[in-house]
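Just add 12 to the spot in the sequence shown (first one is 1) and you have the working numbering. See structure below.
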Amino acid sequence: MFPYKLKTNDIFISYVVEDREIVEELYAQLIKRGYRVWYANRELYIGANIRAKINTGLKTARYGLVLISPHYKSHWSQGELFSLMENSQRVLPILHNTTIEEVALEIPGIYDIFCLNTQMGIEQVVERICKRVAHKPYFYYRFIDFMSFVKKKKQKVISVTLVILLLFFSIAYLFYYHSLRPTSEFISRALEERKKNIETFANRQFEDELSESVMQVSTLSDINRLEKSPLKSRYMFSNGVEDISSLASLKNNGILPSVSPIAPPYGISEYKAYIFKNDEIIKYGLVSLLPCSCDVIDERLVEKGIFELDIKCENFLRYAEVSLHTDAATQSSLRIVNLFGVKPYETMVFEEIDGAWRLIQIR
Numbered sequence: 013m014f015p016y017k018l019k020t021n022d023i024f025i026s027y028v029v030e031d032r033e034i035v036e037e038l039y040a041q042l043i044k045r046g047y048r049v050w051y052a053n054r055e056l057y058i059g060a061n062i063r064a065k066i067n068t069g070l071k072t073a074r075y076g077l078v079l080i081s082p083h084y085k086s087h088w089s090q091g092e093l094f095s096l097m098e099n100s101q102r103v104l105p106i107l108h109n110t111t112i113e114e115v116a117l118e119i120p121g122i123y124d125i126f127c128l129n130t131q132m133g134i135e136q137v138v139e140r141i142c143k144r145v146a147h148k149p150y151f152y153y154r155f156i157d158f159m160s161f162v163k164k165k166k167q168k169v170i171s172v173t174l175v176i177l178l179l180f181f182s183i184a185y186l187f188y189y190h191s192l193r194p195t196s197e198f199i200s201r202a203l204e205e206r207k208k209n210i211e212t213f214a215n216r217q218f219e220d221e222l223s224e225s226v227m228q229v230s231t232l233s234d235i236n237r238l239e240k241s242p243l244k245s246r247y248m249f250s251n252g253v254e255d256i257s258s259l260a261s262l263k264n265n266g267i268l269p270s271v272s273p274i275a276p277p278y279g280i281s282e283y284k285a286y287i288f289k290n291d292e293i294i295k296y297g298l299v300s301l302l303p304c305s306c307d308v309i310d311e312r313l314v315e316k317g318i319f320e321l322d323i324k325c326e327n328f329l330r331y332a333e334v335s336l337h338t339d340a341a342t343q344s345s346l347r348i349v350n351l352f353g354v355k356p357y358e359t360m361v362f363e364e365i366d367g368a369w370r371l372i373q374i375r
């Protein structure tokens, strides 16, 4: 690669093999954020001089992340810690399944250093580490490396030209990319339209039932009295464009977080309940009171003129209709549950036709 005068690594991880699982999580999160991390499980190879490699990692790292657990008592790990503590500003201690009081019995100097704890959650620990390290991530240094290489070759004109070209093409690409995708205003309108359509669809199912039955406002207690522990349940979910009846598919898609008709029924946390009086069957409905909300989690230009939008929806079930059937001959019961709403995760596909974007598919 290019000549490099900066320190090789941002963070050196000191740990014992018994804690490898939690270290793997820390390492993955730090790498994901663009930091250069010295981690023995990635750096050591067969035949390597372990002590030499570790010493190099310690010397070239800006900070030392030390995962201290009840297992952290080996000769190697203690040596790494004491080496880092020669400059306490470099030490980033994290307690795992232990307390500061227990650690201080083995390492008295630890009282002088503020420690994080994995009990606060890996995400929170990594965020605090990033704030402490506080530097430009890996790709920034790769750019610095490149510019240093150009400077050493004394090609100032080339370096300036490259920077200008890089800026020009970056800006040109951004303009080009945005010209190929729908506008933010269009995407916002599409999401609102999706929510509006599903509310209309769910309300239509409710109104259809009202036209066929006598309705009374009810409570969950009334519904519980109707339920007689049916032996079998059948489910059907519809979002206006797709029907799903497999219980496994409903669970895998996150559509049916609960099959219980109570507390909360079918995962609908706030609702208004209705009982429909009909001579043939017992039926009740649950109308969700919380508004459906949808947020964009990813977007991509599949090809010119085809754009996909991944959305995540909360309060996605808008209406549940449950009918209870009893076989007079066998006295066995059957519960049929019809659910209406959006899927928790949907992909909206748009196509540009005659200069205008149109929704062509929901999956």
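Ideal Cβ positions, reconstructed from N, Cα and C, are used throughout, including at glycine.
C-alpha distance - residue i paired with residue j, whole-angstrom precision
{"i": "Y27", "j": "Y39", "result": "12 Å"}
{"i": "I134", "j": "N53", "result": "19 Å"}
{"i": "S261", "j": "E282", "result": "24 Å"}
{"i": "Q41", "j": "L56", "result": "20 Å"}
{"i": "Y247", "j": "Q228", "result": "24 Å"}
{"i": "K208", "j": "E37", "result": "41 Å"}
{"i": "I293", "j": "N350", "result": "15 Å"}
{"i": "Y84", "j": "Y123", "result": "17 Å"}
{"i": "I141", "j": "D31", "result": "19 Å"}
{"i": "M132", "j": "V138", "result": "10 Å"}
{"i": "F362", "j": "I309", "result": "16 Å"}
{"i": "R45", "j": "C127", "result": "21 Å"}
{"i": "L18", "j": "T72", "result": "With a pLDDT of 45 at L18, under the threshold of 50, the modelled position of that residue is not reliable, and no figure is offered here."}
{"i": "L336", "j": "F249", "result": "17 Å"}
{"i": "G279", "j": "D234", "result": "18 Å"}
{"i": "R347", "j": "V271", "result": "11 Å"}
{"i": "K263", "j": "T359", "result": "18 Å"}
{"i": "M13", "j": "T20", "result": "Model confidence at M13 stands at a pLDDT of 42, short of 50, so the residue's coordinates are unreliable; what they give is reported in the following sentence. One C-alpha to the other measures close to 12 Å."}
{"i": "L177", "j": "I58", "result": "44 Å"}
{"i": "L268", "j": "Y286", "result": "21 Å"}
{"i": "N221", "j": "D255", "result": "Residue identity differs from the one stated: residue 221 is Glu in this sequence, not Asn. Each residue's alpha carbon lies about 19 Å from the other."}
{"i": "S258", "j": "S245", "result": "11 Å"}
{"i": "I4", "j": "A202", "result": "This structure cannot settle anything about residue 4, because the visible part of the chain is limited to 13 through 375."}
{"i": "S225", "j": "D307", "result": "37 Å"}
{"i": "L179", "j": "T173", "result": "10 Å"}
{"i": "E364", "j": "S223", "result": "41 Å"}
{"i": "N327", "j": "E205", "result": "16 Å"}
Simplified DSSP assignment, three categories, for residue i
{"i": "N21", "result": "strand"}
{"i": "R48", "result": "coil"}
{"i": "N350", "result": "strand"}
{"i": "M358", "result": "It should be noted that the sequence gives Glu, not Met, for residue 358. E358 falls in the strand class under three-state DSSP."}
{"i": "V28", "result": "coil"}
{"i": "P120", "result": "helix"}
{"i": "E333", "result": "strand"}
{"i": "T338", "result": "strand"}
{"i": "G279", "result": "helix"}
{"i": "G69", "result": "helix"}
{"i": "R225", "result": "Residue identity differs from the one stated: residue 225 is Ser in this sequence, not Arg. The answer is coil: DSSP assigns S225 none of H, G, I, E or B."}
{"i": "R102", "result": "helix"}
{"i": "N2", "result": "Here the chain has residues from 13 to 375 only, and residue 2 is not among them."}
{"i": "F14", "result": "With a pLDDT of 40 at F14, under the threshold of 50, the modelled position of that residue is not reliable, and the figure given next carries that caveat. Correct three-state label for F14: coil."}
{"i": "F213", "result": "helix"}
{"i": "D255", "result": "strand"}
{"i": "F328", "result": "coil"}
{"i": "S196", "result": "helix"}
{"i": "S171", "result": "helix"}
{"i": "I112", "result": "helix"}
{"i": "I183", "result": "helix"}
{"i": "V271", "result": "coil"}
Bridge partners - residue i, DSSP secondary structure assignment
{"i": "C304", "result": "C304 pairs with nothing; no bridge assigned."}
{"i": "E315", "result": "I318"}
{"i": "A260", "result": "DSSP, once it has assigned bridges, lists no residue as partnering A260."}
{"i": "D310", "result": "D322"}
{"i": "G297", "result": "Y286 and E333"}
{"i": "K244", "result": "L346"}
{"i": "I62", "result": "In DSSP, I62 forms no bridge with anything."}
{"i": "G76", "result": "F24 and V103"}
{"i": "R370", "result": "E363"}
{"i": "F249", "result": "I256 and L351"}
Contact set for residue i: own chain, Cβ-Cβ below 6 Å, skip 5 residues either direction
{"i": "P277", "result": "L298"}
{"i": "V334", "result": "Y296 and V349"}
{"i": "N265", "result": "K355"}
{"i": "E311", "result": "L321"}
{"i": "V253", "result": "I374"}
{"i": "E118", "result": "none"}
{"i": "T110", "result": "S81 and P82"}
{"i": "W50", "result": "N21, F24, G69 and A73"}
Neighbourhood of residue i by C-beta distance below 8 Å, restricted to the same chain and skipping five residues each side
{"i": "H108", "result": "D31, I34, L79, I80, S81, N129 and T130"}
Contacting residues, own chain, Cβ-Cβ under 7 Å from residue i (five flanking each side not counted)
{"i": "F330", "result": "A small fix is needed here, since residue 330 is Arg in this sequence, not Phe. Contacts found: I210, E211, A214, S300, C304, F352 and G353."}
{"i": "T338", "result": "S345"}
{"i": "L192", "result": "L313 and K316"}
{"i": "F198", "result": "W369"}
Next on the checklist: I want to know whether the stretch 310 to 321 touches the stretch 294 to 302 - three or more CB-CB distances under 8 Å.
Outcome noted: no
Checklist entry - Are the stretch 310 to 318 and the stretch 215 to 229 touching, with three or more C-beta to C-beta distances below 8 Å? => result no
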